[in-house]
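Colleague: Protein chains in written order, with our numbering: chain A, 139 to 324; chain B, 6 to 152.
No residue lacks a Cβ here, since even glycine has one placed at the ideal position from N, Cα and C.
Submitted below is the structure of interest, expressed as C-alpha cells.
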C-alpha cells in the first residue's frame with residue numbers, strides 16, 4: 139500500500155548502480171569471448187630451462203641439456219601424428235641450416251609421444267632436420283616443459299633462461315619476434 | 006518390515022567396504038584425491054583422473070610415483086604448478102590475482118544482502134507503517150493527483 143503511493147517519487151539511484159554493474163559484467167564477458175581458451179601462458183618463461191638427458195631418436199647416444207648450455211637454444215617439440223607440425227617443417231629445416239651457417243645458436247628437436255618407426259617415416263617423407271632430435275616416448279620431458287599441444291617451440295638464451303614459448307607452427311613472423319629475445323639476429 | 010529395511014540398508018551400504026574388498030592400497034586414495042585437483046592440460050575442464058588422454062595418464066603416473074616417494078600433496082601440486090602454472094590447478098589459488106575469483110562471489114552476496122535489506126527497510130521501514138504516516142502520505146499523494 140505504502141509502496142504504491144511512494145514509488146513514483148523515490149529516487150532510483152540504486153537502479154543506475156545496478157545497471158552499471160550489469161554493464162560492467164557484460165563488458166567483462168565480452169572480453170572473455172575474444173580470448174582464446176586454448177592459448178595458455180607458459181610457466182617456464184623467465185625460468186631456467188629444465189635439465190634433461192634423453193636418448194636420441196635416430197642415432198646412438200644421449201641428448202643432454204648440459205651439452206647445449208652456453209649458447210642460445212631453440213628447442214622444438216614435434217611428433218609424426220601432429221598435422222600442424224608439417225606446416226612448420228620447412229621453416230625448421232631453414233632454421234637448422236641458419237644455425238649451422240651462422241653458428242649463433244643451437245637447435246634441437248624433441249620427438250614427443252611418438253613411435254620411432256613412424257617418426258623415421260615422417261622424417262623420410264617430409265625431409266630430415268639438419269639437427270638431431272631426442273626421443274620422449276612417454277612425454278615426461280614434455281610435462282617438465284609444461285607442453286600441452288604439438289608443436290611447441292622454446293627459445294632459451296645463452297644463460298639457460300627460457301625467454302619465449304610458442305605454441306603452434308613456427309612462422310617467419312614468430313621467429314622475427316623470438317630470435318632477438320635470445321640474442322640472435324634473424 | 007525390519008528385515009526388509011535391514012536388507013535395503015545392507016545393499017546400499019555395500020560400496021562402503023568395496024574398497025577394502027578389492028584390497029586397495031591406501032596410497033591410491035591419495036593419488037585420486039590429488040589427481041582430481043589437477044587439470045588435464047590437453048583437455049577442456051577435465052581432471053587428470055577422469056581424462057583418458059596420454060598426457061593425463063602420464064601425469065597420473067607421476068602423481069602416483071611422487072605419492073609413493075612420500076611427497077606431500079602440496080609438494081606434488083607445486084611440482085605441476087611450476088610446469089603448467091596456476092592453470093593446472095582446478096581450484097584457483099586463494100592468494101595473488103586468483104584471490105579475486107574467491108572474493109567476488111562473497112562481495113556479491115554481501116552486496117546483494119545489503120541491497121535486499123535496504124529495499125525491505127524502504128518498503129516497510131519503522132514509522133512508515135503507522136496509520137498517521139500512511140494517512141499523511143495518502144493525503145500528500147491525493148493532493149498531487151488532484152491539484
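Distance check for residue 256 of chain A and residue 282 of chain A, CA to CA, integer angstroms please.
Modeller: In a straight line, the C-alpha of residue 282 of chain A is about 24 Å away from that of residue 256 of chain A.
Colleague: Can you tell me whether DSSP reads residue 304 of chain A as helix, strand or coil?
Modeller: Residue 304 of chain A falls in the strand class under three-state DSSP.
Colleague: Is there a C-beta anywhere in chain B that falls below 8 Å from the one on residue 179 of chain A?
Modeller: yes
Colleague: Looking at the structure shown, is residue 110 of chain B part of a helix, part of a strand, or coil, going by DSSP?
Modeller: helix
Colleague: Taking residue 154 of chain A as part of the alpha helix (DSSP H), name the residues at either end of that continuous run.
Modeller: Bounds of the alpha helix (DSSP H) holding residue 154 of chain A are 151 to 172.
Colleague: Pull out every residue of the region 76 to 102 of chain B whose Cβ sits closer than 9 Å to any Cβ of chain A, in chain order.
Modeller: From the region 76 to 102 of chain B, only 85, 86, 87, 88, 89, 90, 91, 92, 93 have a Cβ closer than 9 Å to chain A.
Colleague: Which residue comes first and which comes last in the alpha helix (DSSP H) that contains residue 239 of chain A?
Modeller: Here the alpha helix (DSSP H) through residue 239 of chain A covers 222 to 240.
Colleague: Using C-beta distances below 7 Å, list every residue in its chain close to residue 265 of chain A, excluding the 5 sequence neighbours before and after it, in chain order.
Modeller: 227, 231
Colleague: I'd like to check one pair, residue 320 of chain A with residue 210 of chain A: are the Cβ atoms closer than 8 Å?
Modeller: yes
Colleague: Taking the beta carbon of residue 3 of chain B as the centre, do at least 16 other beta carbons fall within 10 Å, making it buried, or is it exposed?
Modeller: Residue numbering for chain B in the displayed model covers 6 to 152; residue 3 of chain B lies beyond these limits and cannot be assessed.
Colleague: Spatial neighbours of residue 37 of chain B within its chain, please: CB distance less than 8 Å, with the 5 preceding and 5 following residues excluded, ordered by chain position.
Modeller: 54
Colleague: Determine, using beta-carbon pairs with one atom in the region 298 to 312 of chain A and one in the region 101 to 112 of chain B, whether at least three such pairs fall under 8 Å.
Modeller: no
Colleague: Under a Cβ-count criterion, where at least 16 other Cβ atoms within 10 Å of its own Cβ denotes burial, should residue 314 of chain A be classed as buried or exposed?
Modeller: exposed
Colleague: Below 8 Å between beta carbons is the criterion; list the residues of the region 34 to 47 of chain B that meet it against any residue of chain A, in chain order.
Modeller: 46, 47
Colleague: Residue 318 of chain A to residue 324 of chain A, Cα distance in whole Å?
Modeller: 7 Å
Colleague: With 16 other CB atoms within 10 Å as the buried threshold, where does residue 297 of chain A fall?
Modeller: exposed
Colleague: Only counting the same chain, and skipping five residues up and downstream in sequence, which positions put a Cβ closer than 6 Å to that of residue 202 of chain A?
Modeller: Hits under 6 Å: 191.
Colleague: In three-state terms, what does DSSP make of residue 212 of chain A?
Modeller: strand
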